[in-house]
Amino acid sequence: MPLSEPDAARLDDYRFQHGPDAGNLSLVLDQLTDAITAVNQHLVYYRLGPGSRLTPPPDLAGILAVLTDSKTLVQETLLRLKSAD
Numbered sequence: 001m002p003l004s005e006p007d008a009a010r011l012d013d014y015r016f017q018h019g020p021d022a023g024n025l026s027l028v029l030d031q032l033t034d035a036i037t038a039v040n041q042h043l044v045y046y047r048l049g050p051g052s053r054l055t056p057p058p059d060l061a062g063i064l065a066v067l068t069d070s071k072t073l074v075q076e077t078l079l080r081l082k083s084a085d
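Mapping to UniProt numbering: the sequence shown position 16 is 16, numbers consecutive.
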């Protein structure tokens, strides 16, 4: 899974501190917290005009990317835990 350079560094730190599985989940929690904060700010400042959009607004594209990366990381962790049984 391709991560940005800062996220990859944070993931390495978390894995060193907590082990691979807990480190993965720690990064996911950070990313989800960042996404929730951004969505809350979006709700306050963004006003959508009449009509529907077929694509997400540009400011939501980054949030969707973070959520997708987080989902992939959780899936990898779950598969690792399952194979350890």
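Ideal Cβ positions, reconstructed from N, Cα and C, are used throughout, including at glycine. Predicted, not measured: the structure shown is a model, and the values here were computed from it.
Checklist entry - So which of F16, L27, Q17 has the shortest CA-CA distance to P6? => result The count along the sequence shown starts at 1 and reaches residue 6 at position 6. Comparing Cα positions, the closest option is L27.
Checklist entry - Can you tell me the Cα-Cα spacing of A8 and D69, whole angstroms? => result As a first step, residue 8 is located in the sequence shown; it is residue number 8 there, counting from the start. As a first step, residue 69 is located in the sequence shown; it is residue number 69 there, counting from the start. Computed Cα separation, rounded: 12 Å.
Checklist entry - With 16 other CB atoms within 10 Å as the buried threshold, where does G23 fall? => result The residue labelled residue 23 in the question sits at position 23 within the sequence shown. Burial call: buried.
Item to check | Sequence-distant residues of the same chain with beta carbon closer than 8 Å to F16, five excluded per side | outcome: Indexing the sequence shown from 1 puts residue 16 at position 16. Only G23 meet the Cβ criterion.
Item to check | Residue burial classification, L79 (beta-carbon count within 10 angstroms, cutoff 16) | outcome: Taking the first residue of the sequence shown as 1, we reach residue 79 at position 79. Label assigned to L79: exposed.
Item to check | Per-residue burial, L73 [other beta carbons within 10 Å of its own, 16 or more giving buried] | outcome: By one-based count along the sequence shown, residue 73 stands at place 73. So L73 counts as buried.
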